Amino acid sequence: MSRHPLPVLFSLALFLCSPTFAQPDSPARLVYPWLSFSTQFESTLVANNYGETEALIELVARRADGTQWVSNRTLPPGGFLRESSQQLFPDLQEGAGFSVVLHSEAASLSGRWITYNREGTSGKSPAQGVAIGTDEVDGTKGVRLGRTVEYGFLPTDPDFFAAPVVINLGDAATDVTLYVYNQSGTLLLEDRDSLKDLEPMRPFAVTLSELLPQIDEDVTVVAQSTDQTLSGVTFVFNQNREPAIGNVSGLSATPGQRKLSYDFSQGDLGWQMDFADYPVGESNFYELSSGLEQLPAELGAARTALYLNGNNHSDDLFMFAKREVTGLKPSQSYRVHLSVTIASNAGSECAGIGGAPGGSVYFKAGASQKEPLPVATDGQLLMNIDKGNQSTSGSDMQAIGDIGVDTDCLDGEYRFKRLDATRLEVTAQTNEAGTLWLIVGTDSGFEGTTRIYLTGVDALLTPVD
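According to mature numbering (1 follows the signal peptide of the UniProt record, and there is no 0), the stretch in the sequence shown is residues -22 to -1, 1 to 443, in order.
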């Protein structure tokens, strides 16, 4: 595979600093993920006002060293701005690429930018990119953002080389996984290390040969975050380092993935509930009950949810819900990421017998090939899978939080809480029929009554070798 030297467009910094700044007066409307002003490359920014009134805009550029530049402009109705990087930001010095965020009260705006090689042998050889609208809807066909985005074609041909740009449009740092596929659709690589803790509005840019030196064929790359919205662009250069710019596409999931969502306002959806870690024949004493019922009135949500109720006399009660997933690839290992929304009335700062009613009731999520079942063992009903114990995770289930919420300790009202296994995932293998089981539940160290509601479960199943 031919190795290409990193062009000046990317060479001075692989990461851009976040274009966040003192709270602007106007919302962000457009993001220009990567503009240039270097000895080799330069960009011109274009902003269009297709509204009927003039638009006041604020443009903020920032580089990796933390320096930033701000420009304010007025766009006439139906008019546009066209200025070079240096015209917009007179104090900007030649150096690494940078991002620009456009803020305005006006919603009727669109944007472009043009990047060209100042030393190109065939003239300036301009390439045009389209700014990302922050009001694009994640998951809508054709949009250029989402938790999963696709870089459709990245060549490694000796005559061309590619450089993907990834930008986190969310409000918190996120880990990004890169999936690399060849022309036949074979997954060549799953890279979970190159893009850890990608900060909001902090684009990552590097040539493909530097990012993935082990890849020696043309590829498609899919970037995926579990909890933040991503976008980006692709630069492709010829041997003269003249750029072309391509958009990314938002996807609902990576190829081969299975994305599942269960909203219990629609019924139990095939989920079953059960209990373990208590003596055989003592279900009445432990006040065990479960089912589908209306949420408490204080939540202001007139819909149903699954509920689990138990009085933890054993100081170790496990209450859970499970569901079989069918139609998967037989004998295939899947990485399972689960997110659960609950309603709880256990205060996070409250004390209790044996443990806290909120902080000592641990929530777990996982998956297994065999059906999770309580099995009578020496007079106790114990799980037939490895769920761990209380705060400790097991091989089949991992602790993803607790049920504590911000509510009163004496007469607490129910509050919603989202539990997301952002960094904790379980791997499970399907059986010969292509099925596995999802399981979520509480592992309690609080010697009292717990009643929680499950309003929804989201699952993402990714095939792994």
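Where a beta carbon is used, it is the ideal one built from N, C-alpha and C, also for glycine. Owing to the predicted nature of the structure, the values given are computational and were not obtained by experimental measurement.
Identify which residue in Val158, Tyr159, Val144 has its Cα closest to the Cα of Thr152.
-> When each option's Cα is compared against that of Thr152, the closest is Val144.
Could you tell me if Glu403 is buried or exposed, where buried requires 16 or more neighbouring beta carbons within 10 angstroms of its beta carbon?
-> Answer is buried; the Cβ neighbour count reaches 16.
Hey, could you find the ends of the beta strand (DSSP E) Gln46 is sitting in?
-> It spans 46 to 53 - the beta strand (DSSP E) in which Gln46 sits, taken as one unbroken run.
To the nearest angstrom, how far is it from the Cα of Arg60 to the Cα of Pro274?
-> For Arg60 and Pro274, the distance between alpha carbons rounds to 56 Å.
Just the C-alpha distance for Asp436 and Arg393, rounded to the nearest angstrom, thanks.
-> Rounded to the nearest angstrom, the two C-alpha atoms are 19 Å apart.
Do Ala324 and Ile381 have their C-beta atoms within less than 7 Å of each other?
-> Going by beta carbons, Ala324 and Ile381 fall inside the 7 Å limit.
Have a look at Asp175 and Val154 and give me their C-alpha separation to the nearest angstrom.
-> The straight-line gap from Cα to Cα measures roughly 8 Å.
Express the C-alpha separation of Phe182 and Asp43 in angstroms, rounding to a whole number.
-> Asp43 and Phe182: Cα-Cα distance of roughly 14 Å.
Over what stretch of residues does the alpha helix (DSSP H) that includes residue 456 continue unbroken?
-> The structure shown does not extend to residue 456, since the chain is modelled only from -22 to 443, so the question has no answer here.
Could you name the residues that DSSP lists as bridge partners for Ala201?
-> Paired residues: Val127, Leu156.
Expected contact under 8 Å - CB spacing of Asp421 and Gln368 to nearest Å = The Cβ separation is near 5 Å, so the contact holds.
Helix or strand or just coil, what does DSSP make of Gln217?
-> The answer is coil: DSSP assigns Gln217 none of H, G, I, E or B.
Using DSSP bridges, identify the partner residues of Val383.
-> The partner list for Val383 (beta bridge, DSSP) reads Gly325.
Between the CA atoms of Ser100 and Gln206 - distance to the nearest angstrom = Rounded to whole angstroms, Gln206 and Ser100 show a C-alpha spacing of 40 Å.
Beta-ladder partner(s) of Gly278, from DSSP | Looking at the DSSP assignment, Gly278 forms no beta bridge with any residue, so it has no partner.
Rounded straight-line distance, which links the Cα of Pro221 to that of Pro136 = Rounded to the nearest angstrom, the two C-alpha atoms are 15 Å apart.
Under 7 Å, do Ser77 and Pro178 count as touching if we go by C-beta distance?
-> Contact check for Ser77 against Pro178 fails: the beta carbons are separated by 7 Å or more.
Looking at the structure shown, is Phe139 part of a helix, part of a strand, or coil, going by DSSP?
-> DSSP places Phe139 in the strand class (E or B) of the three-state scheme.
Along the alpha helix (DSSP H) that carries Ser63, what are the first and last residues, could you check?
-> Its alpha helix (DSSP H) spans residues 63 to 66.
Kindly list the residues whose CB is nearer than 6 Å to the CB of Ala377, restricted to its own chain and excluding five residues on each side of it in sequence; keep chain order.
-> Correct list, in chain order: Tyr340, Lys342, Ser369, Ser371.
Cβ of Gln235 versus every heavy atom of the ligand ZN: is any distance shorter than 6 Å?
-> With respect to small molecules bound, the structure shown includes none, and the ligand ZN cannot be examined in it.
Other residues of its chain near Glu20: CB distance less than 7 Å, five sequence neighbours each side excluded = Here the set comprises Ser14, Ser62, Ser63, Tyr94, Arg96.
Using the rule of at least 16 other Cβ atoms within 10 Å of the residue's Cβ for burial, across every protein chain shown, is Ser338 buried or exposed?
-> Ser338 comes out buried.
For the 8 Å Cβ check, are there 3 or more pairs between the region 259 to 275 and the region 307 to 319?
-> No, the region 259 to 275 does not touch the region 307 to 319.
Going by other Cβ atoms of all chains shown within 10 Å of its Cβ, with 16 needed for buried, is Ala(-1) buried or exposed?
-> Model confidence at Ala(-1) stands at a pLDDT of 36, short of 50, so the residue's coordinates are unreliable; what they give is reported in the following sentence. Counting every other CB atom within 10 Å of its CB across the protein chains shown gives Ala(-1) a total below 16, marking it as exposed.
Who pairs with Leu165 in a beta bridge, going by DSSP?
-> Per DSSP, Tyr159.
DSSP three-state assignment for Gln310, whether helix, strand or coil | Gln310 sits in coil when the DSSP states are folded into three classes, being neither helix nor strand.
How many Å lie between Gly259 and Asp389 at the Cα?
-> Cα to Cα, Gly259 sits roughly 31 Å from Asp389.
Span separating the alpha-carbon of Val318 from that of Gly245 | Straight-line Cα distance between these residues: approximately 16 Å.
Could you give the distance in angstroms between the alpha-carbon of Leu165 and the alpha-carbon of Gln250?
-> Taking the straight line joining both Cα atoms gives about 35 Å.
Indicate whether Asn160 and Glu188 have their beta-carbon atoms separated by less than 7 Å.
-> For the 7 Å CB-CB criterion, Asn160 and Glu188 do not form a contact.
From Gln46 to Val197, what distance separates their C-alpha atoms?
-> Whole-angstrom Cα-Cα distance: 35 Å.
Cβ-based burial, Glu391 [other Cβ within 10 Å; buried from 16] | Counting Cβ neighbours within 10 Å, Glu391 comes out exposed, since fewer than 16 surround it.
Residues in its own chain within less than 8 Å of Phe139 by CB, not counting five upstream and five downstream?
-> Scanning its chain for C-beta atoms nearer than 8 Å, with the 5 sequence neighbours on each side dropped, one finds around Phe139 the residues Ser(-21), His(-19), Pro133, Thr185, Leu186, Ser187, Val214, Phe215, in chain order.
Between Gly117 and Ser172, what straight-line distance do the alpha-carbon atoms span, to the nearest angstrom?
-> In this predicted model, Gly117 has a pLDDT of only 49, less than 50, meaning its place in the structure is not dependable; the value taken from the coordinates is given anyway. When the Cα atoms are used, Gly117 and Ser172 turn out to be separated by approximately 25 Å.
Could you pull out every residue in the same chain whose Cβ sits closer than 7 Å to the Cβ of Gly163, ignoring the five residues on either side in sequence?
-> Cβ within range, chain order: Pro233.
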